[in-house]
Each structure stands twice: as structure tokens, then as C-alpha cells.
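One structure below.
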Amino acid sequence: MKIQETEWGYVEWQHIHEENNPRQSMNIGRTVILPGKHQVEHVHYGQEQLVYILSGEGIYVIDGERKRCSQGAMLYMEAGSTHETINDTDEPICELLVSNPVSGAREISMREMKGMDSSGKNALYAAVESLRGPLIEPLNLPLTIFDSDWQVVLQTPHFPAFCKKHCDPEKHPETCACMESCTFSEDTACIETVCPMNLRIYSVPIIHEDMCIGVVRGGFILLTGSRMEEHEGLYDMPESAALSIKKLLGEIANNIVNYCVFDDARRELETKENAIISSRKHGAMLEQNLQIAQDTVTNLKINHHFLFNTLNCMASMALQDGSERLYSGIIDLADLFRYTMKTDCRFVAFERELAYLNNYLNLQKLRYRKGLSLTYDLNDALMGVAVPFNFLQPIAENAFIHGFGRNVKERRLVLRAWVEDGRAHIIISNNGAVMNPITLNRVNRSLTSGSGHGLSLIYSKLAAAFGKDFTMTLLSGKEETSVAVNIPARAVKEEPHD
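For the sequence shown, numbering that gives the first Met the number 0 begins at 0 and goes up steadily by one.
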């Protein structure tokens, strides 16, 4: 039996699972919380717990719910729960503690990984951006992911208040010892270090194709026996919880590696498939595809006629009822449909893209009314410039989806565009959520991933249209976020309007 002394009492461990034994996972012990002591609020990272009170009573706060529990009470806390216990009596609280590590970092399916195109160091950035939402953020775990040059790829905001008070790795990484680089020897699965403030740090390498492409670093926990006077209010972490955190960090690293492996295989498969497709020039197949395309176009035209006839009827009804705003909205919607159905247009004049954007923004004005202001600063020389079909509106739509949060009451969208030295400069700005430098760097680097989502779609469209002769960059200041596009200013031939 192993006894672990803590600031609030002690744990008599009857069984602690062996870290490298896959046949064991459970930890069992007897917990004693001394009179007048307090288990400060802490998170059960990567472990579920069952507590049975053998004797005594006290106040238990689980996920914000506060209640008094006494002998015979049984409490279950799932992984990720917050927990706090206060012994406000003159008797110790004795508990039976059963702790079981669980896989908090779930495996990401191939469907979720599909579509990301990356190479080299960008593979790490694309992987982190793809896994951030479904895997990393739900853990609420304080961690930092570095690339092979020790540049921060991702840093979560969940560092303990103790860390923020003494060195604040988020705002002052250059002065925080926890942000310093380390060297991994061959076959090193995890490096355990202790920071100057006696907190335990775990660094797990991300190994892909026998190379360390990055590091997942987390922990920031106080283990028993390391307490200093400055640690007042910091929770003594049991060894079982420390093992769970190490396991979570390892799972995150493994998921990133799995993403990179899958992406390598996918790109290789795509190359082979493209080679096969390019070699198939049989006339029968082309004829069959042509017939299918002709049938599809015919069906689309029939459906389009029905759609426009219906919208025209609705517009007439709106006028008859005296609802001019509804009439204008229906006309804008009809123009949106009419423009997007021109699938044969690869390039259009900027003037036509601008008209399409206006139709979309008019519909948004119907929704937000005076809560949305639009500003245009445009150069007439830009109106005849050739731009990719349907690339402006998705950028503006991205501002409404990701920029303007629920708390933004006065939404502002600004479009600035001009021609200079044979180049067209287009900037769309919004006053929604701004990004810190780490997030901005990650999002900019993930634009080239070809994920099929959001702004990466626009980047792919620009790359298909201009090759390498363009730039697309996200900028974020104190009050606004912008998407800046720079393309060649080439004239477009006028195409007949429908």
C-alpha cells in the first residue's frame, strides 16, 4: 500500500495501474480529507471517478452544483468534471476512491480528416487546425503545441490561475520557462520536467516518418511533495490524475500523426487516381458522360424555370400586399439564384461580382436592419477586371458565420478595392472577433490545406485561376479582421447577361 500525503490530507492507494500495462487501468484508494481542509476546485482530466463516503460529511461541489454529503453517499464524476470538497466539520472525511482513465481525445475518423491538402511543416498546422474543434478544445486542457522550430502552433487558454499570476505563458511566453525548447533522445515517449515554480510539465514528441515534427506540452500540475508557500490555493494532484493527463497528451500527439499518415496516403492515392483518369480517353465513356451532362442540364433548366416562376409570383403578391421590403428581398434572392446558376463562367467582371455581393448583403440587411452597416471604397478602374466567378460573397459570408458573434450589436462590413501597378487589391473587413497572433498564424497557414471549408475554398479557387500569381492573407488588428486578396488586373471580355 502506498500513502500519498497532500495539503488537504492523504490517499492510501490500494492499487495504482501500471502505465505500460494495457490489461490494467483502474486506480483504487482510500481518501482522507482532514478537518477544516479544502480540496480546491480542480478538473478531472481524462479520468472518471466514483467516490463512496465511508465516514464523515462535508460540502461537495461538482460542476458548479453544491450539496452536503455524508456517510453512505455515492458520487460519480465523469471525465472533464470540476470538483471541490470542503470539510467544514471537526471530523475527517473518509472516502473510497475508484478512478478510471478514459480516452478523452477520441479518434478522428477518416471522413473528418478527408479533404485536407498539405505538405512538409504545413501538415502539422493543417492537422492541428482540423483536430482543434472536435478533439482538443473539448478537453479544456492547458497545453501548447509547437512545431519543429519551436514556434507555437496552438495554445489553449486553460492555464491555471497560478501560472497566469506568476509568469503568464499566454501573454509573456518569452519569460516563461515552460515555453523553452527541449531535446528528445531516440525512443523518448515523454519528457517530464519541473518548472521554477515546482509545477510538473509533460512534453510529448509528435513523430512522423521517424522525424519529430512538433511537440505537445501540457500538465502544469502540482504533485505531492512539491508544495511551496506560493502554492496556496493550488490543488495537490494525485498520481492517478497525472497519469491520465500524460495519456491524453499522448493521444493528441497520436491523432496528429494519424492525420499526417492519412493525408500522405490520400495525396499519393489522388496522384495515382489522377494518372489513371487522364489515361482514359475512350470514346464510349466520353459519349456516355456527354449524354449524362446534357440530361442534367435539361433537368436543371426545367427546375430553374419553376423556381423563377414561383419567385416572380411571390414578388407580385408582396407588391399587392404593399410589402416593398419583402418584394426587394425576393428580387435579391432571385438575382442570387440566377447568378450562381451560370456554372459555365470561370471569370466575370468585378462589377458583376459586386452586384452579386450586394444582393447577398441586401438579404442580410433584411435580417439585421440598422444593426448592419456597409461601407464601399472602390476604384472605377477595377470594375472591368477579371475575377473568379463567385469568390467575393463567400468571404463576406465568412464574416457573418465566424466574425460577428451574438454579442456584436453593430455589425460593420467594409469593402475596399483599387488597381495599382497592374494589380487588383481587394480587402473585406469586419468588426467581429479579432484573432491573437497564434490563431492568426495557424489560420493563415491552414488556408493552403484545401479542406473544402470556408476560406480555404476561396484560396483553392484563386490558385486554380491564377496559379502562384496571387496572395490571400488574413489580417487582424485591435478592432477588425480583414481578408486581403491581391490578383493580376486583367480585363475580361463582356459576357451576355441572362
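Ideal Cβ positions, reconstructed from N, Cα and C, are used throughout, including at glycine.
Keep in mind the model is a prediction, meaning the values are calculated, not measured.
Which residues in the same chain have their Cβ closer than 8 angstroms to the Cβ of residue i, if we skip the five residues on either side of it in sequence?
i: K477; result: V433
i: P91; result: G8, V31, I32, L33, P34, S54, G55
i: D146; result: K120, L123, Y124, V152, I212, G213
i: N397; result: G453, L454, V482
What's the call for residue i, buried or exposed, on a 16-neighbour Cβ count within 10 Å?
i: K245; result: buried
i: N254; result: buried
i: T143; result: buried
i: V203; result: buried
i: R368; result: exposed
i: V193; result: exposed
i: Q70; result: exposed
i: F336; result: exposed
i: D87; result: exposed
i: E128; result: buried
i: W149; result: exposed
i: K364; result: buried
i: A416; result: buried
i: T447; result: buried
i: G45; result: buried
i: H171; result: exposed
i: G431; result: buried
Going by DSSP in three states, residue i sits in which element: helix, strand or coil?
i: P100; result: strand
i: M471; result: strand
i: R67; result: strand
i: C189; result: coil
i: S455; result: helix
i: T88; result: coil
i: G57; result: strand
i: G8; result: strand
i: E269; result: helix
i: S481; result: strand
i: I52; result: strand
i: A240; result: helix
i: V491; result: coil
i: A252; result: helix
i: R29; result: strand
i: D262; result: helix
i: I144; result: strand
i: L233; result: coil
i: Y44; result: coil
Sort the options by Cα distance to residue i and report the nearest one.
i: Y375; options: P34, Y359, E350, L414; result: L414
i: P168; options: I212, G217, I205; result: G217
i: I135; options: A122, L473, Q154; result: Q154
i: G402; options: S445, E83, G453, A385; result: G453
i: S180; options: K163, Y201, F161, N273; result: Y201
i: E515; options: P487, A464, W417, L412; result: This structure cannot settle anything about residue 515, because the visible part of the chain is limited to 0 through 497.
i: H37; options: T5, I190, D146; result: T5
i: H43; options: L123, I220, F183; result: I220
i: E40; options: M25, G79, S24, E17; result: G79
i: L95; options: L391, E191, Q13; result: Q13
i: K460; options: A354, L391, G57, H171; result: L391
i: K408; options: I425, S372, A380, N389; result: S372
i: E208; options: V215, T174, K164, F261; result: F261
i: I427; options: D263, P159, G466, N485; result: N485
Which residues in the same chain have their Cβ closer than 6 angstroms to the Cβ of residue i, if we skip the five residues on either side of it in sequence?
i: M73; result: Y51
i: Q48; result: M76, S98
i: V491; result: F346, A348, A385
i: I437; result: V151, Q154
i: C177; result: P168, C194, I200
i: P393; result: I457
i: V60; result: E83
Taking 7 angstroms as the limit between beta carbons, can you name the residues of its chain near residue i, skipping five residues before and five after?
i: L130; result: I107, N254, I255, Y258
i: S16; result: This sequence places His at residue 16; Ser is not what is there. Closer than 7 angstroms at Cβ, skipping near neighbours: Q23, S24, M25, N26.
i: N139; result: V42, G79, H157
i: R441; result: Y124, V127, E128, V152, L153
i: Q3; result: Y9, V10, W12, T223, P237, E238
i: A488; result: V384, V418, G421, R422, A423
Checking contacts by CB at 7 angstroms: is residue i closer than that to chain D?
i: D146; result: Looking at the structure shown, chain D is missing, and only one protein chain is on hand.
Length at least 3, wholly inside the stretch 344 to 404: the beta strand (DSSP E) runs in chain order | With a minimum length of 3 residues, the unbroken runs of beta strand (DSSP E) contained wholly in the stretch 344 to 404 fall at 346 to 348, 371 to 377, 385 to 387.
Ranges of the alpha helix (DSSP H) found wholly within the stretch 151 to 217, counting only runs of at least 4 = Runs found: 160 to 165.
Length-filtered (3 minimum) beta strand (DSSP E) runs lying within the stretch 402 to 441 | With a minimum length of 3 residues, the continuous beta strand (DSSP E) runs that stay inside the stretch 402 to 441 are 410 to 419, 422 to 429.
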